[in-house]
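All remarks here apply to the structure that follows.
Protein chains: 2
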Amino acid sequence: MLRLHSMRKRKQARNTVARTEILSLLNQSEVALSHAEIQSLLGGLCDRVTIYRVLERLIQEELIHKVVNLDGGLKYANCHGCKSTHSHNHIHFSCEKCKSVTCLEDIRPSFKLPEKYKVSGVNFLVSGLCPDCS
Amino acid sequence: MLRLHSMRKRKQARNTVARTEILSLLNQSEVALSHAEIQSLLGGLCDRVTIYRVLERLIQEELIHKVVNLDGGLKYANCHGCKSTHSHNHIHFSCEKCKSVTCLEDIRPSFKLPEKYKVSGVNFLVSGLCPDCS
DNA sequence: TTTTATAAGCAACAATGTTGCAATAATAAA
DNA sequence: TTTATTATTGCAACATTGTTGCTTATAAAA
Chain D
5 MLRLHSMRKR KQARNTVART EILSLLNQSE VALSHAEIQS LLGGLCDRVT IYRVLERLIQ
65 EELIHKVVNL DGGLKYANCH GCKSTHSHNH IHFSCEKCKS VTCLEDIRPS FKLPEKYKVS
125 GVNFLVSGLC PDCS
Chain V
5 MLRLHSMRKR KQARNTVART EILSLLNQSE VALSHAEIQS LLGGLCDRVT IYRVLERLIQ
65 EELIHKVVNL DGGLKYANCH GCKSTHSHNH IHFSCEKCKS VTCLEDIRPS FKLPEKYKVS
125 GVNFLVSGLC PDCS
């Protein structure tokens, strides 16, 4: 196949079993899942490392996004509306009782920084009790 | 010493070298420090584990607070004004270039959750370029 | 079917955080 | 000041989480 120099050969993503299953898990889940939870749900379908690499890929493809929990633990959630706007600037809610982490997609906090700061991303996490636990 | 049953013996905090030095480091620092940074700055003054335990104690005493970075890494910062109000609901800024994490104490974001959520704490992190780097 | 580049598996490693227990040392009590 | 008490430390061992290199397997193209 002839390729022009400007036409950079892009890495062609593949539909593998691991990718399909992990994406399906996240799409079906109401809450964000940790790597450990995903591994457990997959029940040995694939290696630990594969999960890390699939998650990384899905993030780059903007099909999921990463959520940092209160304790620094990482969780992953599917992107519902975020993809269209290319932004993950909504609030995430972390329930102290059931430990669930949920995307509150419609809620965008407002704030104002001094002019000299250049903002490129935000991560807003609110903790407390979710509707089911309160 | 006679003690009533209701008069629970409270753990009496001690002024140790490690505690003094770590608190001093955090008070003198403009930016939040990670455990690794603190350990490096202390230069072998005490054990790794001691640093973890001192930080934990200082948090409980509300002299410092914990900041979760974008990647889930934990940093620690002194409390300037936060103690009086007993709240850490201000924004933290994480610079992508110099990797510094700063408390923006005066800036409080506003947002509104559905009624059923009970909020007990927030962790707001904004990333981008700090004044020095932009 | 054959080709080939992506992805998976495996092993080894690194970073970070936790726990139990004996020894040390800060503070209170004598 | 000396002694007693117990909070704190150091150490070792372990757990968790995430990363990297390399070989093998496999999805998709030819």
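Chains as they are written, first to last, in this note's numbering: chain D, 5 to 138; chain V, 5 to 138. Cβ coordinates follow ideal geometry from the N, Cα and C atoms, glycine included. Since we're looking at a predicted model, the values are computed, not measured.
Between F128(D) and P113(D), the beta carbon gap of about 6 angstroms places them in contact (Cβ cut-off 8 angstroms). Taking a contact as a CB-CB distance under 8 angstroms, the pair L74(D) and S131(D) counts as one, their CB atoms being some 5 angstroms apart. When only Cα atoms are considered, E109(D) and L62(D) end up about 19 angstroms apart. Interface criterion not met: the Cβ of Y56(V) is under 8 angstroms from no Cβ in chain D. Within 8 angstroms of the CB of L117(V), the CB atoms of chain D belong to I95, F97, L108, I111, V130, in sequence order along the chain. In the DSSP assignment, Y80(D) forms a beta bridge with L37(D), K70(D). K122(D) has L133(V) as its beta-bridge partners, per DSSP.
Of the candidates R23(D), D136(D), Y56(D), S28(D), the residue whose Cα lies closest to the Cα of A40(D) is Y56(D).
Chain V places a beta carbon closer than 8 angstroms to that of V72(D), counting this residue as a contact. Its chain contains L37, I42, L45, L46 as the residues whose beta carbon lies nearer than 8 angstroms to that of L29(V), once the 5 sequence neighbours on both sides are disregarded; these appear in chain order. Close partners of C134(D) in chain V (Cβ separation under 7 angstroms): Y121. Comparing alpha-carbon positions, the option among A81(V), E65(V), F115(V), G125(V) lying closest to S104(V) turns out to be A81(V). Look at E60(V): its C-beta is not under 8 angstroms from any C-beta on chain D. The alpha-carbon separation between S124(V) and L59(D) amounts to approximately 30 angstroms. Under the 8 angstroms criterion on CB atoms, L37(D) is classed as non-interfacial with respect to chain V.
Comparing alpha carbon positions, the residue from Y121(V), P135(V), V126(V) closest to C137(D) is Y121(V). Bounds of the beta strand (DSSP E) holding S98(D) are 95–99. The Cβ atoms of V35(D) and V72(V) lie no closer than 8 angstroms to each other. When the five nearest sequence neighbours on each side are left out, the beta carbons in the same chain lying within less than 8 angstroms of the beta carbon of L49(D) are those of V21, A22, E25, in order along the chain. By the rule that beta-carbons nearer than 8 angstroms mark a contact, N19(D) does not touch chain V. Just so you know, the alpha carbons of H96(V) and S33(V) end up roughly 15 angstroms apart. Taking each of K15(V), L78(V), V126(V) in turn and checking the Cα distance to S98(V), the smallest one comes out for L78(V). In the DSSP assignment, L108(D) falls within the beta strand (DSSP E) that extends over 105–108.
A residue is called buried when at least 16 other Cβ atoms come within 10 angstroms of its Cβ; V53(D) does not meet this threshold and is exposed. Residue environment: C83(V) is assigned as buried (16 or more neighbouring CB atoms within 10 Å of its CB, all protein chains considered). Among the bridge pairs identified by DSSP, N127(D) is matched with L129(V). Listed along chain V, the residues sitting closer than 8 angstroms to V126(D) by beta-carbon distance are F128, L129, V130, S131. The distance from the Cβ of A17(D) to that of E66(D) is about 12 angstroms, inconsistent with a contact at the 8 angstroms cut-off.
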